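Numbering of the sequence shown is given in the numbering used here, commencing with residue 156 and proceeding in unit increments. Structure, as structure tokens:
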Amino acid sequence: MILQALHSYYHILLGQDGDNMPREGYSAADVSFEVHLDESGTVVDVISYVNEKGKPIKRTFNVPEQVKRSVNVFPYFLCDKADYLFGAALSLRETCRKELQSLWRKVLAYADTDADAPELEALLRFIEWDTEELAGQFERLLREDVRTLLSSGGLCVLKYAPTGRFLQDNRLLQKAWERYLKAQADTDHSDVTQRCLVSGETVSVGEIARLHPNIKNVVGAQSSGAALVSFNKDSFISFGREKSFNAPTSKKAADAYGYVLNKLLADPRHRVRMNDMTVVFWAESSLDHEQIFLASLMQEYQGDGDGENGQPPDPDSVRERVKSAMSRVRNGQEFRDTFGDLHFETTFYVLGISPNAARLSIRFFYKGTLGEIGERVWRHYKDLAIVGLDRTPTVRQLLKELAVGHDWSNIPPNMEGQMLRSILQGLPYSKAVFAQLMNRVRVDSDDPRKGLYKIGSIRAAMIKAYLLRAYRSNQDKTMEGELSVAENKDSTNVAYNLGRLFACLEKTQASALGAGINATIRDRFWGAASASPANVFPRLLYLAQHHVSKDEKWGGYNNHLIQDVMGSLPDRFPRRLTLEEQGIFAIGYYHKRQSFYTSSSSEPADALQQVEQTETHE
């Protein structure tokens, strides 16, 4: 399914940008250097690719096919590392250069020698230089920094200096390479055939890929790339078939899926990193705005509508419509009204990949339509919607709320995959995610400098979304209706009203004691109040009476707030609250605090803010 989807997208790209894609027998290579040759094949310059700041970069070229090196020494044609091009002339392995000379001679033997071909002549002379002659050329030519960079690795391409043309673009040399490949295929020809599991074509055994392409740009994987498909142990052998013949894939299909996956992973519009997992996504469409829609849902792509030259972003761009989803949800706007310019039947894919030794592991794979993902993500936004949350939170922002100190390295394993799977498939959020979130609420303290809040808008939204999805899954309409966007003063839920009461008690304390207070009741009693209310609230109410009597200006008002919430509670406080009830407690607390900042009586809220600022600096 995965390889077929990538193979299918290859043909979409082929119709869209076929002239710039590698043909059969060629591959895209990330190149670090270009080596200039004159008419005599002498190296006259070596250029290292760097950016404006002088840092090394790579450029992508279509070059003769570079299959994965399966042995210690394996040369490529017209594009290779300095070890192979120069060998001992740069104090590198001469064995590599000798193997390269052998391969290039074989390939160039298929070149049309009748044609006037100065580039071919220069190339033939270059590969015949002995070590001392090459070393002499470098001694006159290379700066020490370029010599060091060459020795450290990186692919090189050759350029014919008199014309400034790259040799891999020379049609005569390309024909020689293609004839060489055909001769190799004829040698490997067998009457035994197998069906390619990707394309469905029946091909000879010689056309089956023995090694699959390396996949690069996966976080945590080897920089040279890792295999998505490989069989390297006897335990993987089935019915006597070794290595990749266990899952026969034609070389053509393997090159196609490898090219597409590497292209997607190299494009920030199609990938996002989530801790140790790389997520790649694409739509079976040639329309840019549909690709941007997917990228915008992941909230990583910053193009399309972000404004240029100081101009404000276009509010009608796909990107801006996704960013403003929370306000659109609160205004009652639906997904299909917001994104009517999309083809809702377009198929899309999301693939989660993680490194596993020299191979890659598939964490999850999802297939759907743009209409399906749009409706489910919009449902996700509706569930998150809460007063005080004005911008659509990214998946990364949600996950950071689970980490100690908002540090990515502290996110528990598998949380990213669980969260994405829930959103994309419209499932309840994982209980493990909720438990981790409630643990952070219990343990953390506010630190605005790090953007860290015990119960800020994003955490409150996540708690609300988890509970709503859990109640919806259990068809609990009563509880689903209890959790509103803003404060629900008519709620009869005990845990919710206890949270509201706790916010009133904290505000009463802050109003009475002012900015000189070292810590609020939230810092000292949150854990006990939310888990064992009967043990804590009588004491907090007793303390509140002292705060009311001390606060001449706002004491009466705060006491009225307390009594108003108390009227919604039973005569006895519950002894225990379950973890889900503790989540409801947190939402009630958050809702009540938000109501303080939006009410006409703002001075007590200002006092609470002063206390929080004082705590931050202590």
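Ideal placement from N, C-alpha and C gives every residue a C-beta, glycine not left out. Bear in mind that the values here come from a model prediction, so they are computed numbers and not experimental data.
For residue i and residue j, I'd like the C-alpha separation in whole angstroms.
i	j	result
S600	K609	5 angstroms
Y414	P177	9 angstroms
K555	A264	59 angstroms
T501	T303	50 angstroms
E773	G209	Annotation note: pLDDT 35 at E773 (below 50); position unreliable, no value reported.
L449	R534	16 angstroms
L169	Q580	31 angstroms
L245	R295	13 angstroms
T769	N673	Unreliable positioning characterises T769 in this predicted model, as indicated by a pLDDT of 45, which lies under 50. A coordinate reading is not provided.
E463	S451	Residue confidence is low: E463 scores 49 on pLDDT, short of 50, so the model does not pin down where it sits. Its coordinate-derived value is still stated next. Distance between the alpha carbons of E463 and S451 is about 18 angstroms.
I447	E207	28 angstroms
Q377	K478	34 angstroms
I676	Y621	27 angstroms
L638	K619	7 angstroms
R280	D238	18 angstroms
R224	A558	40 angstroms
R424	V434	11 angstroms
L247	L255	13 angstroms
P273	L289	20 angstroms
E287	S379	31 angstroms
For the beta strand (DSSP E) that contains residue i, what are its first and last residues?
i	result
D431	Premise fails: D431 is in no beta strand (DSSP E) and is neither H nor E.
T250	Segment E249 to L263 is the alpha helix (DSSP H) holding T250; no beta strand (DSSP E) there.
K236	C234 to K236
N486	Neither: N486 is in no beta strand (DSSP E) and is coded neither H nor E.
R302	Unbroken run through R302 is the alpha helix (DSSP H), E299 to S306; no beta strand (DSSP E).
Which residues mark the beginning and the end of the alpha helix (DSSP H) in which residue i is found?
i	result
Y181	Counting along the chain, Y181 falls outside any alpha helix (DSSP H), though it belongs to the beta strand (DSSP E) covering Y181 to L192.
Y744	L734 to T753
V559	That residue, V559, is in no alpha helix (DSSP H); it is neither H nor E in DSSP.
T647	Taken as a continuous stretch (DSSP letters only), T647 belongs to no alpha helix (DSSP H), as it is neither H nor E.
T286	T286 to L296
I551	Going by the sequence as given, residue 551 is Arg instead of Ile. V550 to K555 is the span of the alpha helix (DSSP H), which, as asked, contains R551.
N227	From DSSP, N227 is part of no alpha helix (DSSP H); its letter is neither H nor E.
A689	P688 to K705
G777	As displayed, the chain neither begins before 156 nor continues past 773, which places residue 777 out of reach and without an answer.
S451	D443 to M453
D719	G710 to M721
Going by beta carbon distance, what residues of the same chain come within less than 7 angstroms of residue i, once the five residues before and after it are set aside?
i	result
S635	Going by the sequence as given, residue 635 is Glu instead of Ser. Result list for E635: L623, Y626 and R627, in chain order.
V484	Y536, K537 and A540
D678	S600
D461	Because D461 sits at a pLDDT of 49, beneath the cut-off of 50, its placement in the model cannot be relied upon, and the following sentence gives the value as read from the coordinates. P468 and R474, listed in sequence order.
F232	P219, L258, W259, V262 and W332
A615	I541, A741, I742 and Y745
A411	H162 and Y165
A409	A364, H367 and P368
L732	A650, S685, A686, P688 and F740
K213	D185, V186, S187 and Y204
G407	The residue asked about is misnamed: residue 407 is Lys in this sequence, not Gly. Taken in chain order, the residues that qualify are E179.
M593	L734, Q737 and G738
A381	N369, I370, V373, P510, A513, R514 and L515
Below 6 angstroms CB to CB, which residues in the same chain sit around residue i once its five sequence neighbours on both sides are set aside?
i	result
I202	E189
G458	The pLDDT assigned to G458 is 47, lower than 50, so where the model puts this residue is not dependable, and the model offers no usable value.
G543	S612 and Q749
E283	none
A421	N372
Near residue i, which residues of its chain fall below 8 angstroms by C-beta distance, leaving aside the five closest residues on each side in sequence?
i	result
F728	L653, P688, A689, F692 and P693
F520	M156, I157, Y504, V505, L506 and G507
H561	K555, K605, G606 and L607
F216	A183, A184, V186, C234, V312, F321 and Q323
T771	Any reading at T771 must be qualified, since the residue scores a pLDDT of 41, below 50, and its modelled position is unreliable; the value itself is stated next. Closer than 8 angstroms at the Cβ level, and outside the excluded window around T771, lie D601, D602, P603 and R604.
T250	V228 and G242
With DSSP as the reference, identify every bridge partner of residue i, one or two as the case may be.
i	result
V201	V190
L539	Answer is none; L539 lacks a bridge partner.
K522	Y504
S516	S509
F216	A184
C311	F188 and D235
Any heavy atom of the ligand NAP within a distance shorter than 6 angstroms of the CB on residue i?
i	result
L278	As far as ligands go, the structure on display features none, and thus does not contain the ligand NAP.
Complete runs of the beta strand (DSSP E) confined to the segment 313-389 [at least 3 residues]
Correct list: 348-350 and 357-359.
At what residue ranges does the segment 392-426 contain a whole run of the beta strand (DSSP E), taking only runs of 3 or more?
Here no run is fully enclosed.
Whole alpha helix (DSSP H) elements within the segment 579-639, 4-residue minimum:
Entirely contained in the segment 579-639, the alpha helix (DSSP H) runs reaching 4 residues are, in chain order, 586-598, 612-628 and 632-637.
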